[in-house]
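Colleague:
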Amino acid sequence: MLKGQEKPAFKYEELLVTSCEVPRPIKYDEDPEKKRNYDWQMVVLSDQDSYIRSLLSQTLPRGYLESLRVSFNDEDLPVAWKRLEAHYGQSNAQGMVALITEFDEALAMDFASVGELIVRVKETRNRINRQSRENLKGVTMIPNQYAAVKVLSLFPTQYWGNHVDYSNEGFHLDKVEALLRNVFMDKSRGQIDAMQAQTAPVNYAASNKPLGKRKARV
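Using our numbering, read the sequence shown as starting at 45 and increasing by one per residue.
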């Protein structure tokens, strides 16, 4: 979240139990700050909704998804979630939310290097998938490619965007790890975030050279 930016209006779990709406502020067109915050909240809410639908669509058994009379993506989330609770049991469905939150928290934490981040993500993913397979009828909660996408989203695209192999064989977490280690070396999250505003050199990822020496951490 950017400095000075308001927190999201809703938590992920709230979208599963109620219809979430961000109220349009009075004098929306006259107050640039209110307009900016409202527009940002609407984007966040849309991203949260899409994130939940995408994750569940990728992780729920195909047989369950094909048995639905209405497409999972064509109905309100609370309705879809209530049916999911009835099918898997309320405690197990609520466990899905806890596992999603745990994975997001692992991604949000600070890291001193790409290696530290990847180790944490792999450990968290493996633990979550063991739990989900045991408790949710064989469901793999965090697929490999989904984890790879989430990890890539933490890094400035101008440094890796042209060097990712999106084929089934090439796009997985180990390949993403190798690319990010090559590009960002031992840089911390703070140093990588600072690179967002910089222009990446042409063919930087292919050069196998770091972007200068790592600054001392204060």
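Glycine included, C-beta positions come from ideal geometry on N, C-alpha and C.
Going by beta carbon distance, what residues of the same chain come within less than 6 angstroms of LEU46, once the five residues before and after it are set aside?
Modeller: One-based indexing of the sequence shown puts residue 46 at position 2. Interpretation of LEU46 is limited by its pLDDT of 42, a score under 50 that renders its predicted location unreliable; the figure taken from the coordinates is listed afterwards. Around LEU46: no qualifying Cβ.
Colleague: If we count the other Cβ atoms within 10 Å of its Cβ and call it buried at 16 or more, is VAL233 buried or exposed?
Modeller: For the purposes of this step, residue 233 is taken as the residue at position 189 of the sequence shown. One detail in the question is off: residue 233 reads as Arg in this sequence, not Val. Buried: at least 16 other Cβ atoms inside 10 Å.
Colleague: Output the boundary residues of the alpha helix (DSSP H) element that contains ARG233.
Modeller: Counting from 1 along the sequence shown, the entry for residue 233 is found at position 189. From DSSP, the alpha helix (DSSP H) with ARG233 extends over 233-238.
Colleague: How should THR145 be labelled, buried or exposed, when 16 other C-beta atoms within 10 angstroms of its C-beta is the threshold for buried?
Modeller: Indexing the sequence shown from 1 puts residue 145 at position 101. Burial call: exposed.
Colleague: Return the residue from the list GLU178, GLU119, LEU128, VAL195 that minimises the CA-CA distance to ASP154.
Modeller: Locating residue 154 in the sequence shown gives position 110, counting from the first residue. Checking every option, the nearest Cα to that of ASP154 belongs to VAL195.
Colleague: Whose C-alpha, out of ALA53, GLU58, SER197, GLU65, is nearest the C-alpha of ARG122?
Modeller: Numbered from 1 along the sequence shown, position 78 holds the residue referred to as residue 122. Checking the displayed sequence, the identity of residue 122 turns out to be Pro instead of Arg. Nearest of ALA53, GLU58, SER197, GLU65 to PRO122, Cα basis: GLU58.
Colleague: Of the choices ALA156, PRO187, GLU149, VAL208, whose alpha-carbon is the least far from that of GLN235?
Modeller: Locating residue 235 in the sequence shown gives position 191, where the first residue counts as 1. GLN235 has its Cα closest to that of ALA156, out of ALA156, PRO187, GLU149, VAL208.
Colleague: For the putative contact between LEU224 and TRP204, defined by C-beta atoms under 8 angstroms, what is the C-beta separation to the nearest angstrom?
Modeller: As a first step, residue 224 must be located in the sequence shown, where it is residue number 180. As a first step, residue 204 must be located in the sequence shown, where it is residue number 160. Confirmed, Cβ separation roughly 7 angstroms.
Colleague: Given a cut-off of 8 angstroms, decide if LEU99 and SER132 are closer than it, judged by their beta-carbon atoms.
Modeller: Counted from its first residue, the sequence shown places residue 132 at position 88. Counted from its first residue, the sequence shown places residue 99 at position 55. Note on residue identity: the sequence assigns Tyr, not Ser, to residue 132. No.
Colleague: Tell me which same chain residues have a C-beta within less than 7 angstroms of the C-beta of GLN175, skipping the five on either side of it?
Modeller: Position 131 of the sequence shown, counted from the start, is the residue given in the question as residue 175. Excluding residues within five positions, the ones whose Cβ falls inside 7 angstroms are LEU143.
Colleague: In the structure shown, what three-state DSSP assignment does GLY205 receive?
Modeller: Working through the sequence shown from its first residue, we reach residue 205 at position 161. Coil at GLY205, not helix or strand.
Colleague: Give every residue of the same chain whose Cβ lies closer than 8 angstroms to the Cβ of ALA53, excluding the five residues on either side of it in the sequence, and list them in chain order.
Modeller: One-based indexing of the sequence shown puts residue 53 at position 9. So the list reads CYS64, VAL66, GLN85, VAL88, LEU89, once near-sequence residues are dropped.
Colleague: Inspect the beta-carbon positions of ARG169 and ILE186 and report whether they are closer than 8 angstroms.
Modeller: Within the sequence shown, numbered from 1, the residue matching residue 169 stands at position 125. Within the sequence shown, numbered from 1, the residue matching residue 186 stands at position 142. Yes, they are a contact pair.
Colleague: Where in the stretch 107-190 do unbroken runs of the alpha helix (DSSP H), each at least 4 residues long, occur, reported from the N-terminal end onward?
Modeller: Runs of the alpha helix (DSSP H) inside the stretch 107-190: 121-132, 134-152, 158-179.
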